[in-house]
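All letters in the sequence shown, in the order written, are residues 0 to 473 by numbering that gives the first Met the number 0. Let me begin by presenting the structure, written as structure tokens, before commenting on it.
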Amino acid sequence: MNSTAATRRDFDRETSRLSATDALPKKPRRPVIDHLLGAAPEPHRFGTEQAFRIVPARAGDHHDLQALLVSVLHQPSSAEFHAQLDDPFYEPSDRLLVKRNQQIVAHTRITNREMHFAGKLLPISTLSDLVVLPEYRGEGCALELVKAAERSMIEGGSRLAFLRTRQPEFFTKLGWTVGARHSYSTAGARDILSRLQQRETPVYNPLAPEAVPLNIRMWRHVELAALTRLYSQRIENSYGSLSRTDAYWQWLVSRRAYDSIYVAINGPDKLELDDTLTPIVGYAVMQEGRIAELVTAPQHEDAAAKLLARACGDAIERDLHHVRLDAASDEPLHQIFAEAGGRTCFDESDHGEVTMVKVFDPMQLLVDSFDLLHQRVRDAGFSMPCDLGLMVDGRRYIISVRQRTVKLLQEKVGRSYLECGVGELMQLLLGHLDVAAVVDTGKIVASTRVATETASVLFPRLPFWRPAFDDLQA
């Protein structure tokens, strides 16, 4: 379980026009090297006889916290819990507690990161490990913890927050909405190898230059620079990948939440230990037959198949019959799994678990996306001005895309508009929805066909995905 509750700005008190230049001033972005200490929630007592209060954790609480988590969730392991404490951005106050007298009866944890989204970096938070001792359920502990966590996130500068849960109904009441899809494929290791061998049989061409062979081997710690380079190249314009500092990378690989990391080397296995290790053109992070992250350099997409083959061979050696690939929905390797008779999952719910999101100020995020909306309209070849009305929970707006600017007009809606709730607006902003599909289902109402077409251009469905490597448990 995980969560948040925030109020939107009162746009009635704002000017009727907002553009990218005259929007409300942004909160300063948190420096990557600094950690959000999480403002201490205001003193508040609740529950039977007002006996419960919320406090930020201290270092001295860690032993009792681990015992609480294990007693309720049966996790994390000791190694994982201590790895969390070693996170370079971690502070004890990132954990919020409910205490009854001096007893800890409930807990939740906030992690603060920066997320790549269409060339921008967004400060985000993740809510996790929301637990309440069984004998104190019904006292409002979970609800109060979520509200306190949201306040802490907002005061720390987060633009949005994520969580994973099997109880989405609880968080929906607090303004959260489903914000991402699962994205993985599974298939038999031998079936994948067979399919890869069929694909690799080339038509002989005596005039073609001899291909440089790729070597696959285990990664060495001194080659960390190659992983950071490849990851940075791949995720700069991605949707959902986390920013990783050098300190974060060091923590990620040192916590040993993986079994092995393989690298693909373009040419012979003779590397100069320079700053970039450019002959390394791909890597794959493995955990028990699961490819948690697979990244290749531009122009070296063929390395992905070689890394997959090595992963399958490794799984067979370990007597693991199936291989799982966690990757964005547009990853070509998913097709190989499908051809091998495997199963893909691009659904919102997987075995009851969903990823939920809360954008703390959806209209401000919309304003901050004006340059992206302008580019989408230009790329689609739409004539300008291009207008789309929005009726969000009864409030009226028009997005007006013009030759040089984009404006948000208030108290107007125009002829072509979408009618939706705040939850659907958050999903549109994150590229979670196929506009035409949700209009057909009635989840969003479009006043005209033009409104549907315009909204599909402004808010296309995106391959939003957060690499699993960041969340592996030690």
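Even for Gly, the Cβ is constructed at its ideal location relative to N, Cα and C.
A distance below 6 Å between beta-carbons, with the five flanking residues on each side excluded, links histidine 115 to the following residues of its chain, in chain order: Ile234, Ser237, Ser240.
Contact between the segment 411 to 418 and the segment 383 to 391 is established, with three or more Cβ pairs separated by less than 8 Å.
Setting aside the 5 residues that flank it on each side, valine 284 is surrounded in the same chain by Tyr257, Ile260, Ala291, Glu292, Phe468, each with a C-beta closer than 6 Å to its C-beta; the list follows chain order. Distance check between histidine 299 and each of Arg150, Arg309, Pro278 places Pro278 closest, using alpha-carbon atoms only. By the 16-neighbour rule on beta-carbons within 10 angstroms, lysine 172 is exposed. With a threshold of 16 other beta carbon atoms within 10 Å, leucine 407 meets it and is buried. Judged by their CB atoms, phenylalanine 463 and serine 157 are not nearer to each other than the 8 Å cut-off.
Out of Val366, Gly178, Val400, the CA that lies nearest to the CA of serine 382 is found in Val400. Taking 4 residues as the shortest admissible run, the segment 52 to 133 contains the following complete alpha helix (DSSP H) segments, listed from N- to C-terminal end: 61 to 72, 77 to 85. The C-beta distance from leucine 126 to alanine 160 rounds to 6 Å, short enough to meet the 8 Å contact threshold. Here the C-alpha atom of glycine 178 lies approximately 27 Å from the C-alpha atom of phenylalanine 80. With respect to glutamine 232, alanine 296 sits close: the two C-beta atoms are nearer than 8 Å. Look at the segment 151 to 180 and you find these whole runs of alpha helix (DSSP H), each 4 residues long or longer: 167 to 171.
In the three-state reduction of the DSSP assignment, arginine 375 falls in the helix class, which pools H, G and I. Spanning the alpha carbons of valine 262 and leucine 226 requires a straight line of approximately 9 Å.
About 5 Å separates the beta carbon of threonine 343 from that of serine 184, a gap short enough to meet the 8 Å contact definition. For aspartate 190, the number of other beta carbons within 10 angstroms of its own is at least 16, and it is reported as buried. In the structure shown, methionine 390 adopts extended strand secondary structure according to DSSP, grouped into three states. Our two residues, threonine 244 and aspartate 86, have alpha carbons roughly 12 Å apart in a direct line. Cα atoms of phenylalanine 369 and isoleucine 398: separation of roughly 9 Å, rounded to the nearest angstrom. Straight-line spacing of the CA atoms in aspartate 93 and lysine 305 works out to 41 Å. Going by DSSP, threonine 451 is part of the alpha helix (DSSP H) stretching over 448 to 457.
Contact annotation, valine 104 with leucine 132: C-beta distance approximately 5 Å; criterion of less than 8 Å satisfied. Scanning the segment 379 to 443 from its first residue to its last, the whole alpha helix (DSSP H) runs of 4-plus residues come out as 421 to 428, 434 to 440. Distance from the CA atom of valine 221 to the CA atom of alanine 310, rounded to whole angstroms, is 22 Å. As for any alpha helix (DSSP H) of minimum length 4 sitting wholly inside the segment 231 to 277, the runs are 245 to 253, ordered along the chain. Taking a C-beta distance under 8 Å as the contact criterion, glutamate 134 and phenylalanine 51 do not qualify as a contact pair. Remark: C-beta atoms of tyrosine 416 and alanine 450 approach each other more closely than 8 Å.
The shortest CA-to-CA distance from glutamine 102 to any of Asp128, Leu121, Asp60 is the one to Asp60. Sixteen is the threshold: since fewer than 16 other Cβ atoms of the shown chains lie within 10 Å of the Cβ of phenylalanine 345, the residue is exposed.
As computed with DSSP, leucine 213 is found in a beta bridge with Asn265.
Annotation: the continuous alpha helix (DSSP H) that includes serine 193 extends over 188 to 199.
Here the alpha carbon of arginine 99 sits roughly 21 Å from the alpha carbon of serine 151. Contact check for leucine 129 and alanine 141: beta-carbon distance about 6 Å, within the 8 Å limit, so the pair qualifies.
The alpha carbon of leucine 457 has as its nearest neighbour, out of Asp301, Arg375, Glu338, Arg228, the alpha carbon of Arg375. Linking glutamine 472 to proline 75 through their CA atoms gives a straight-line distance of about 8 Å.
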